[in-house]
Amino acid sequence: MDFNDSPEEAAFRAEVREWLDKNAEKKTDTNTNWRAGLDDAEAMAKAKAWQAKRADARFAQITWPEEWGGRGGTPIQTVIYGQEESQYLAPRGYFEIGLGMCIPTMMAYATPEQNARFVQPALRGEEIWCQLFSEPSAGSDVAGLRTKAVRDGDDWVINGQKVWTSGAHYSDFGILLTRTNPDVPKHKGLTMFFLDMKSPGVECRPIKQMSGDANFNEVFFTDVRIPDSQRLSDEGNGWKVALTTLMNERLAVGDASGPDIEELMELARNTESETGGPVIKDMDVRQKIADWYVQGQGLKYTKFRTLTALSKGQTPGPEASISKVVSAPRLQDLTSFALDLMDQSGVQMDRELTGENMQFMASNFWAPGLRIAGGTDEILRNIIAERVLGLPGDVRVDKDVAYKDLPKGTS
Amino acid sequence: MDFNDSPEEAAFRAEVREWLDKNAEKKTDTNTNWRAGLDDAEAMAKAKAWQAKRADARFAQITWPEEWGGRGGTPIQTVIYGQEESQYLAPRGYFEIGLGMCIPTMMAYATPEQNARFVQPALRGEEIWCQLFSEPSAGSDVAGLRTKAVRDGDDWVINGQKVWTSGAHYSDFGILLTRTNPDVPKHKGLTMFFLDMKSPGVECRPIKQMSGDANFNEVFFTDVRIPDSQRLSDEGNGWKVALTTLMNERLAVGDASGPDIEELMELARNTESETGGPVIKDMDVRQKIADWYVQGQGLKYTKFRTLTALSKGQTPGPEASISKVVSAPRLQDLTSFALDLMDQSGVQMDRELTGENMQFMASNFWAPGLRIAGGTDEILRNIIAERVLGLPGDVRVDKDVAYKDLPKGTS
Amino acid sequence: MNFDFSDEQKMLRDQARSFLEDKCTSQTVRTILEGDEPYDKELWAGIAEMGFLGAAIPEEFGGLGLGHLELCVIAEEVGRVVAPVPFSSSVYLATEALLAAGSDSQKSAWLPKLAAGEAIGTFAVAEGNKPATAKNVNASFDGSSLTGTKVAVPDGDVADVAIVAAKSAKGTALVLVDLNGPGVSRRNLRTVDPTRSYAELTFEGAPAELIGDDGEGWSLKERVFDRAAVLMAFEQVGGSQSALEMAKEYAMGRIAFGRSIASFQAIKHKLADMYIKTELARSNAYYGAWALSTDAPELPVAAAGARVAAIEAYGFAAQENVQAHGGIGFTWEADCHLHYRRARNLNLALGSGRVWKDALVTRLEQRNAA
Amino acid sequence: MNFDFSDEQKMLRDQARSFLEDKCTSQTVRTILEGDEPYDKELWAGIAEMGFLGAAIPEEFGGLGLGHLELCVIAEEVGRVVAPVPFSSSVYLATEALLAAGSDSQKSAWLPKLAAGEAIGTFAVAEGNKPATAKNVNASFDGSSLTGTKVAVPDGDVADVAIVAAKSAKGTALVLVDLNGPGVSRRNLRTVDPTRSYAELTFEGAPAELIGDDGEGWSLKERVFDRAAVLMAFEQVGGSQSALEMAKEYAMGRIAFGRSIASFQAIKHKLADMYIKTELARSNAYYGAWALSTDAPELPVAAAGARVAAIEAYGFAAQENVQAHGGIGFTWEADCHLHYRRARNLNLALGSGRVWKDALVTRLEQRNAA
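Protein chains in written order, with the numbering used here: chain B, 12 to 422; chain H, 12 to 422; chain G, 52 to 421; chain C, 52 to 421.
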């Protein structure tokens, strides 16, 4: 049991470090951000340039086969690359969905010609992809989606609405799950396509979240035409294709980021208690810090166990599944408690008065979304119960009923 | 909004007090117990004598009609009587199930001759009744019970096992729910009887609980014969009859009793913290005391709201349903925390060393049962969700399936 | 035993409910949330016209001369609709302070205006990032004028009069300041709940007069806060109940996996927990209402209990209402965040739950010692 | 990155599991629970024969000369089966104290016997109803003999040797006492977990010798307790995992309303929570194991983290295992209470979670300050 690289891993890490030293700027402290001072267009351009550089050095998708621009590497090499890159001012955040979810789906189901056309531009950051599955009426139950695709000659005509689409407004292409047959049970009537996001009839609108920020989009489809050649797998086989994509999503969903133990301890050291002295002396504060600390450490070392499995070439065990279900409510509880510690001043979101403490308010408005996005607390517990512990699924009343006969309800 | 009796209530309270003063011994302090120094037989005899006295004064079942020995009184009068009686050394604990659940069921379904025979002796404490519904394989799902009743001439022959039967070993009679038809859905194949607990083939055994105490029984039925004349309502109508009985049970299930805020504060005052001084000065202790205090007060004043409804002649609202689901886990949490406060000495259950603190250990072993008996935490939340909030029931896969075709599982 | 509101009080509640549901929709709240207006002036005028502001003010001072039980039922309805008006500052705090300790001339000067909604009142005790304790009082009162800063003052941007905690020769004093007078400057603050205003108030020799006894300011502040805690608990219970009803309505209508999500235990039990906490808070609030309305010696314990239970209920209901809604609950478009914001606001406004729990235990200890 | 046990260590775990599952059934535990024997002597002899007692004892002192990682995997298995033997007292406490601070002659005198199970060791620091702090140490050591009382001492009724915290001329000292020698009396105690013994030990001029440096007794005690906390965390994780598996197995087989109760979300989510807490505890324990096995400076933080997480996991799993079983879970006949008792015992044995959380934060503060 140790934290050291194996000799092969150490060699790879050295190679990465050498390349990064030559090609990127090292962070001077952990808070510096590659985006500082850039507007959206500038940031995008910088990210695309960096992605091309990474791709050319075959560090963009390390585990992909060499023929697709990878190096046939191991998952642990990807982790090592990420660890090293995080110490440099390297752009992130535009290509992960495309390369992590969409392109692998393309590779599995598109024609060789299509892949020859699309994989390289995606890998080099020249084209950005998004994933169009969730709908207002189909969140946890993705297969209940309504967006219709109707065959018309060599095309399909799409009408409907998708939601929670990250990056839709700057994406060039997307993979799109649609309902092509309402007369069969819901999982059986779905078909997957890919499409040009600039197609006529596609409209993106930002979704304003409860915090006031807008990190996601909704996408409306009005008589959008997609050639049948852009169908991925057979008509009616969309659910199987989507599972490929979603499998990759589950691995991608990360931890809640936001203020953590250090920030809470800092707050508690600087906050005066009613009886004088910092509140970190109060036993309730200490008990909570300890609880959240061991939760955080538990997640950290659970990830180390996962990395170990990867490092040994094993498939990670089920332990990876607990990350979000622990960290999202933890962030909500921790930030709510921070507000409570600030007492009457916990309402203030005034930069001048509140200073660094603003992070607790901001995260307290972000955490509710984390408990929902990428699988709600409730769905994740179902998944742990069923896939990890092997408990039976819930009773399913929708398995054998034609989609059109299912109750529909509120969007 | 006040805590005062109405004029009618005040008059009734005065009447009760006058009668109690003449007929019972007032407690000198709240900890005195009517059982002190008595063995089981003596306690039973004392309780029976007192019950006869109460019945003769028409204070035993105040809301029953006069013809049955009541006074056609109101539920609030019953509450007032209970409040007053609790200040006297008045025996309790043998007749509540019989008079609260079994005899009302008899009154609704037995013949006039049977009621003429049984009601008075029960009311006067001469005969004790128990309720035989729960089974090892049918707890939350009472209607899934297995105990068979097979018709044989003018009799029914009973085979099976009941469990969690309070007072079975000293009961004279019982009401018994059985399965008479396994070929119809489970709720439709049940039939209710009453029987003499001294019948051949009835065997009671105490159930030893996890605490080591034995407050309940299991009752085995081996070829027990019950005349058809002791059937309550029609064959197959047992579930409807049982609902009458269970409706009364829900009202009877009370709070968790055990150490509460005063005892916890006493412990916290007398327990030294690591830093010296009593732990009641520690903020975590104070936060928890406050949380449990407001829960306790919340239940208390919820009860007052129920009493108010009763006092106005209304049916109590749904607020009564929250009592056990709050108080049972609260008792478990509070006593677990008390053990934690005692630190390493929290393991000791040594009368000499542990003294009054023994109550926390004892209740910590009793509380898990409270979270289960009379409806688990989970079932009670279902009930609140469905009956109070009006949410839909869960999917039922057992509604239309013959009992014999249902999966059976572990007892 | 009559542990319920009277039929007349319930009628008043129904009246308040139908008025407020009509005049204060979620769009009303959003207009304030998203716009530049500090509060909804039309709604405020309507509330004044209904007499709600002066429910507990004697008729001689322009109120309805009802009692605090009547104010409690109104407060619950104000909470249900997340009303974007300075009700709590003006009614629970300023009015209560004047009723508790105002001189006849102070009452005559301000209560009729407060009752009519012509003036808005507030109470300034928060001390920025420091706890609001007697020791930390920053402003000072020299017998006729006030100097110092108070932040954050609820509705301080729109209030006409404030009761302010200040250091005085005799210790702590509460003083009354006409905020439209000289020596007062205000700065608006951004907060977690823009549907209610907060401001920083700076006093530079602002004319001020003592309210209550000099040196007794802090105990008077505690008395007023106990009274406000009960009233605000009703507002929180109203909010909690409303969040529960939103969650229930959404869950009933939302279908996943072919059935209403309200039929899944994870959702049912969540709603049951919201119900349980709301009922526990309601019962604690009732006890507080009894103590408030009868000026009972139990008020300090009852008020702290009401506040602690109300904070627990509203915080939980507002948070889990978002969760029960799933994705849509997290959007600006859904009304869930109106409660989420208001819950955080009310749960901190008179001091956090943590501080009140500590105070509750102190009061229990004092009661036991007595 | 190799954050896992080695294949050899996993093989040892499998070996320990199959041995313990075979030799220590729930009937084995019940025999001790219900009978007069203080521990299962046959099982103890078997464990000794397997070499488990001396896994971390060097070969020169009669042990297997493996390391602490090996002891961790064994401890987990001891916890799974709720073994009714003085394993933790003798191995995590007495043996660790001797390894950490024993003189060569002390090691030679005791380690071979402890490794062979011929002697049982324990560690006496609890101070009755007072917290076990240096200030509260009751016994005193005059350089050659010990006088005073220790209560409750785990396995104090059956131990042959104890390390005892005592006041000395230089402050606090740990001393080693042969409990079969003169001046020692013992009284058995009833506890929440009769499958493990506790006793009150009274020393009246009992011959004693210093272990470690005089005056450094308390910091040595803390070092030993940190090491024991990691080992016990594995025992708790084993118990927690076992309680989860019991709950799962029962829920899968139990039918209500026509379906396995394991298909109801209330049960599924309960089991998921048991799993989550167990995994978090396991990962914290792994970190503790790394720190223990490498004598890392992170040990104080890692040990406290391991203990806090283990307490949370085992307490919850043991409690909710009863609940998942429903009525049967509450009976003596069901095995649920074996875990319920043991969880309460282990969760308090080295000091409560509350005390360890406080210590954890102190250590984090010290680390940050450093």
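Note that CB positions come from ideal geometry on N, CA and C, so glycine has one too.
Extent of the continuous alpha helix (DSSP H) run through Val172/B: Correcting the residue type first, residue 172/B is Gln in the shown sequence and not Val. Looking at the DSSP string, Gln172/B is not in any alpha helix (DSSP H); the run it does join, the beta strand (DSSP E), is Asp166 to Thr176.
Buried versus exposed call for Pro205/C [16 or more other C-beta atoms within 10 Å across all chains shown]: buried
Within chain B, partners of Gln298/H - CB distance below 8 Å: Asp295
Continuous alpha helix (DSSP H) assignments of at least 4 residues falling wholly in the segment 311-365 of chain C: 316-345
Proximity to Lys209/H [Cα-Cα], best of Thr255/H, Ala225/H, Thr176/H and Ser182/H: Ser182/H
Cα-Cα separation, Glu300/G to His376/G: When rounded, the distance between both Cα atoms is 10 Å.
Beta carbon of Glu178/C nearer than 9 Å to that of Val202/C: yes
Residue nearest to Asp423/H in terms of C-alpha spacing, selected from Ala22/H, Val130/H, Lys159/H and Lys199/H: Any property of residue 423/H remains undetermined from this structure, which presents chain H solely from 12 to 422.
Cβ contact (3+ pairs, closer than 8 Å) linking the segment 260-276 of chain G and the segment 107-118 of chain G: no
Within chain H, partners of Ala177/C - CB distance below 8 Å: Gln355 and Ser356
Residue nearest to Glu285/B in terms of C-alpha spacing, selected from Val188/G, Glu296/G and Leu415/G: Val188/G
Where Asp58/G sits in the DSSP three-state scheme: Three-state DSSP puts Asp58/G in a helix.
Terminal residues of the alpha helix (DSSP H) in which Leu165/G lies: Unbroken alpha helix (DSSP H) run through Leu165/G: Asp155 to Ala167.
Backbone secondary structure at Ile108/C - three-state DSSP: coil
Every unbroken alpha helix (DSSP H) inside the segment 304-376 of chain B [4 residues or more]: 334-353 and 362-365
Under 9 Å (Cβ pairs) to chain G, residues found in the segment 307-326 of chain C: Phe315, Gln316, Ala317, Ile318, Lys319 and His320
Chain-ordered neighbours of Val406/B on chain H, where CB pairs are closer than 7 Å: Those are Val406 and Val408, listed as they occur along chain H.
Gly86/G to Thr79/G span [Cα, whole Å]: 11 Å
Backbone secondary structure at Val408/H - three-state DSSP: coil
Those residues which DSSP pairs with Gln220/H across a bridge: Residue pairing of Gln220/H in beta bridges, as defined by DSSP: Thr382/C.
Own chain residues within Cβ distance below 7 Å of Lys319/C, not counting five before or after: Ala313
Helix, strand or coil at Trp140/H according to DSSP, with G and I counted as helix: If DSSP states are grouped into helix, strand and coil, Trp140/H belongs with the strands.
6 Å CB neighbourhood of Val264/B in its chain, flanking five on each side removed: With a pLDDT of only 49 at Val264/B, under 50, the local geometry of the prediction cannot be trusted, and the value read off the model is given with reservation. Result list for Val264/B: Lys335 and Gly385, in chain order.
Nearest neighbour of Lys86/B, chosen from Thr319/B, Val337/B and Gln343/B [CA to CA]: Inspection of the sequence shows that residue 86/B is occupied by Pro rather than by Lys. For the options Thr319/B, Val337/B and Gln343/B, the alpha carbon positioned closest to that of Pro86/B is the one of Thr319/B.
Min CB distance Lys335/H to chain G below 9 Å: no
Own chain residues within Cβ distance below 7 Å of Asn34/H, not counting five before or after: Lys64
Pick from Ser344/C, Ala347/C, Gly339/C and Asp346/C that is closest to Gln308/B, judged by C-alpha positions: Gly339/C
Candidates Ala323/G, Asn180/G, Asp58/G and Trp407/G: closest to Val281/G by CA position: Trp407/G
Residue-level contact to chain B via CB, Asp244/C, 9 Å cutoff: no
Closer than 9 Å to chain B by CB, Tyr337/C: Answer yes: the Cβ-Cβ gap between Tyr337/C and chain B drops below 9 Å somewhere.
Test: Ala368/G CB closer than 9 Å to a CB of chain B: Residue contact check for Ala368/G against chain B: no CB pair falls below 9 Å.
Proximity below 9 Å, CB of Asn180/C to CB of Met118/H: no
Host beta strand (DSSP E) of Asn239/G (start-end): Val235 to Asn239
Below-9 Å beta-carbon distance, Glu251/G vs any chain B residue: Among the CB atoms of chain B, one or more fall inside 9 Å of the CB of Glu251/G.
C-alpha gap between Pro196/B and Tyr414/B, whole angstroms: 5 Å
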